[in-house]
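Have a look at the structure below, then the notes.
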Amino acid sequence: MRRSALPLLSLLPLLLVSACNDYTAPSLYQATTPECKTWTEGSRFELPRSISVYATPPVTLKEGGTELALIFTLPIGTQASFTRLSFLLEEPHQSPFAEAKVLTIYQRGMNRKAEIVDVIEKLPIMFSAVGSSAETQWRLRLQLPRQLPQRFDLSMPDMLVGGKRYPVRTFTYRYFPERSAYGMCS
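Quick note: the sequence shown, position 82, residue 81 per numbering that gives the first Met the number 0, numbers continuous.
Now the structure itself:
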């Protein structure tokens, strides 16, 4: 019996590796219709290894300007890195017209009190999960240019997870006249 079990045991690592590659990307473009008329409170995009990216609707500031947040969540033992350190703004099917400016970056373990965060000065090329928490949150606050078109996309850099390159969703925004504000749309 030992001899017949040995070949099966040698296949176990191969089966585990192939199970990890069972990833199908969700829709890479947030807008589901050409008009993009539906207001959306946020959009979550799942990457392999249970890593996720959540984009918030933009917030118009009293002193002028617009900001939005990107929240990356990484389970313990995971890492993800960017293929570029820029978040590009573009009108649909056109070249980028601007780059969103990274204002602040917060990193915290999810089982810590919300007020305990590490503020990072520069955008790191790699996000890592902390070892003291089941999940780590990296929150980027982005500033958008003062003049925005009626509709625009936030083009995300691809991410490297486990040595493989994965595209990330392009998040879609537009001006909603009835709300007198920019919002996410689908």
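Where is the CB? At the ideal position from N, CA and C, for every residue including glycine.
Item	Value
For L27, which residues in the same chain have their Cβ closer than 6 Å to its Cβ, ignoring the five residues on either side in sequence?	P166 and R168
When you compare only the Cα positions, how much space is there between Q146 and L60?	13 Å
Determine the closest residue to L123 out of E134, T103, G108 and M109, with distance taken between C-alpha atoms.	Note on identity: in this sequence residue 123 is Pro, with Leu being the wrong assignment. P123 has its Cα closest to that of T103, out of E134, T103, G108 and M109.
Report yes or no: do three or more beta-carbon pairs, one from the region 87-96 and one from the region 46-59, lie closer than 8 Å?	no
Return the Cβ separation of T55 and R164 in integer angstroms, given the expectation that the two are a contact with Cβ distance under 8 Å.	Contact flag wrong, Cβ pair sits at about 25 Å.
Could you name the residues of the same chain whose beta carbon sits closer than 6 Å to that of F170, not counting the 5 residues immediately before and after it, in chain order?	Q29, S42, A54 and L153
In the structure shown, what three-state DSSP assignment does P12 receive?	Low confidence applies here, because P12 scores a pLDDT of 43, under 50, leaving its location unreliable; read the following figure in that light. Helix.
By DSSP, does R145 sit in helix, in strand, or in coil?	coil
With 16 as the cutoff for other CB atoms within 10 Å, does A79 come out buried or exposed?	buried
Since E134 sits in a beta bridge, which residues does DSSP pair it with?	P74
To which residues of the same chain is V101 closer than 7 Å at the C-beta, ignoring the five residues directly before and after it?	L122, L139 and L141
Terminal residues of the continuous beta strand (DSSP E) containing S42?	S42 to E45
Which residue marks the beginning of the beta strand (DSSP E) containing Q106, and which one marks its end?	P95 to G108
Helix, strand or coil, according to DSSP, for S49 in the structure here?	helix
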